[in-house]
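The sequence shown begins at 6 in the numbering used here and counts up one residue at a time.
Where a beta carbon is used, it is the ideal one built from N, C-alpha and C, also for glycine.
Every value quoted in this text rests on a predicted model; they were computed, and no experiment measured them.
What follows is a single structure, written as structure tokens, with notes after it.
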Amino acid sequence: MTSPPTLSDRFAAYADAVLLEGSPAWASAARGVAADAEVLALVERAEEARRQPVLVLAVARWLGAPPGPWPELRRWLLDHPDRFLDELGRRLTQTNDVRRTSPVSLALARVEGPVALLEVGASAGLGLLPDRYGHRADDVRWGAPDSPVQLEVVVHGDLGEVRLPEVVWRAGLDLDPLDVRSAEDVGWLEALLPPGATGRAALLGQAVSVAADAPPRVERGDALDDLVRLAAEAPRDATLVVVSTGTLVYLPGRRRQEFVDLVRGLGARWISYERRGLLHDVPVVLPDGVPQDESFAVLALDGRALAVGDAHGTRLWTTG
Ligand SMILES: C[S@@+](CC[C@H](N)C(=O)[O-])C[C@H]1O[C@@H](n2cnc3c(N)ncnc32)[C@H](O)[C@@H]1O
């Protein structure tokens, strides 16, 4: 039996991933943490859910720690343990990755409209606006062609025509909702993005500008405890579609299954873009030749896999 990855392994793996993404600064910081027993011990003082590399690095940056070189960042962390741990203890990984709306909208196109969208773990609600962004996969286009947000997704497999249903209601739930009109909240979203030539900060800025015109409603609440209450507000003549992307991993294992059962009990459609292997109810057979990092997540509608893809939703392999 293989043992679970250590905290050091997780930082080392994150260093490799974030370097590929175009952020040598965070790659070097993550490598520094991975090899430093004192800093690892500091991070281990935080609860398990807060020890994620992206959250650790974002909190250090948010507090004004030097971005590098590693010895300076290390010194800062060891000199400010209480400030760092306090902030880490009240923050959640809230990266709002607008690129995931491309796979989500491909699943949404299979739902008969009008639809009411309800996202759990919505962060700032940028994922509630798939129809306000333009999407393109090779020469297939859907969504809003004139939007400042234009997203591209590489799809291996057949797409056919993509037509989005009308979205007549949308709302999100989050343990700590962020407001696209708050400079502080947008600053936190920016702090969560790896610094460097990744293009993600510019995309976030464009999505925030689209959302700020008509901010999506995101309520403070739990993905399970508050779902039924919020769902009851959706118009009866619309198809309720519950969306979860990159969120269920933050629920304890038992709560994940309860969430799936709850959504089924609501009679709602359910679109998920979650880590492969996370949910018993979303089995998937990998297409031949799919690379490991392009099968990180599974796009599913009502638990039936439609595709696998990378963590950000930019490369998909349809599963039939
Ligand atoms: C990694 S973010 C993903 C945000 C968004 N779904 C996306 O894909 O861009 C996860 C979000 O889930 C929220 N969250 C975590 N646990 C939650 C829970 N039990 N109920 C509601 N929201 C939760 C966090 O606050 C965070 O904003």
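- Beta bridge pairing from DSSP links Trp174 with Ala121.
- Taking 8 angstroms as the cut-off, the Cβ atoms of Leu164 and Pro135 do not count as close.
- In this chain, Arg80 is not harboured by any beta strand (DSSP E); it is covered by the alpha helix (DSSP H) spanning Trp75 to Asp84.
- In this structure, the alpha-carbon of Leu311 lies about 21 angstroms from that of Ala121.
- When DSSP states are grouped into helix, strand and coil, Val48 belongs to the helix group.
- Inter-residue distance for Leu209 and Thr11 is about 32 angstroms (C-alpha atoms, whole angstroms).
- Ranked by Cα distance from Gln297, the options Leu304, Leu131 and Arg281 are led by Arg281.
- Excluding the 5 residues flanking it on each side, Glu263 has same chain C-beta neighbours closer than 8 angstroms at Leu229, in chain order.
- In this structure, Ala46 keeps its C-beta atom at 8 angstroms or more from the C-beta atom of Arg36.
- Spanning the alpha carbons of Leu68 and Gly27 requires a straight line of approximately 23 angstroms.
- Excluding its 5 nearest sequence neighbours in each direction, Ser214 has C-beta neighbours in its own chain below 7 angstroms: Pro153, listed in chain order.
- Pairing Val167 with Asp307, the inter-Cα distance amounts to about 19 angstroms.
- If you ignore the 5 residues before and after Val160, its C-beta comes within less than 6 angstroms of the C-beta of Ala142 and Leu321, all in its own chain and listed in chain order.
- If you check the CB distance, Pro220 and Arg186 come in under 8 angstroms.
- Using a Cβ distance threshold of 8 angstroms, Gly73 and Ala34 count as a contacting pair.
- Assignment of Gln155 by DSSP, reduced to helix, strand and coil, places it in the strand class.
- For Tyr278 against Pro108, the beta-carbon gap comes to about 5 angstroms, under 8 angstroms, which counts as contact.
- Closest by C-alpha distance to Val172, out of Gly148, Leu197 and Leu156, is Gly148.
- The three-state secondary structure of Arg115, taken from DSSP, is coil.
- Judged by DSSP in its simplified three-state form, Ser249 adopts strand.
- Around Gln155, the same chain offers Gly139 as residues with beta carbons nearer than 6 angstroms, after the five sequence neighbours per side are excluded.
- Between the stretch 243-250 and the stretch 187-200 there are fewer than three inter-stretch CB-CB distances shorter than 8 angstroms, so the stretches are not counted as touching.
- Rounded to the nearest angstrom, the gap between the Cα atoms of Ser110 and Ala305 is 11 angstroms.
- In this structure, Leu97 has its beta carbon less than 7 angstroms from a heavy atom of ligand 1.
- For ligand 1, a non-hydrogen atom lies closer than 7 angstroms to the CB of Ala228.
- With respect to the C-alpha of Arg66, the residue from Trp81, Ala112, Val116 and Arg55 having the closest C-alpha is Trp81.
- Annotation: the continuous beta strand (DSSP E) that includes Leu321 extends over Arg320 to Thr323.
- Rounded to the nearest whole angstrom, the C-alpha separation of Arg104 and Val116 is 20 angstroms.
- Per DSSP, Ala149 lies in no alpha helix (DSSP H) segment and is marked neither H nor E.
- When distances are taken from the beta-carbon of Leu180 to the heavy atoms of ligand 1, the shortest one is below 7 angstroms.
- For Arg146, the closest C-alpha among the options Leu194, Ala114 and Ala243 is that of Ala114.
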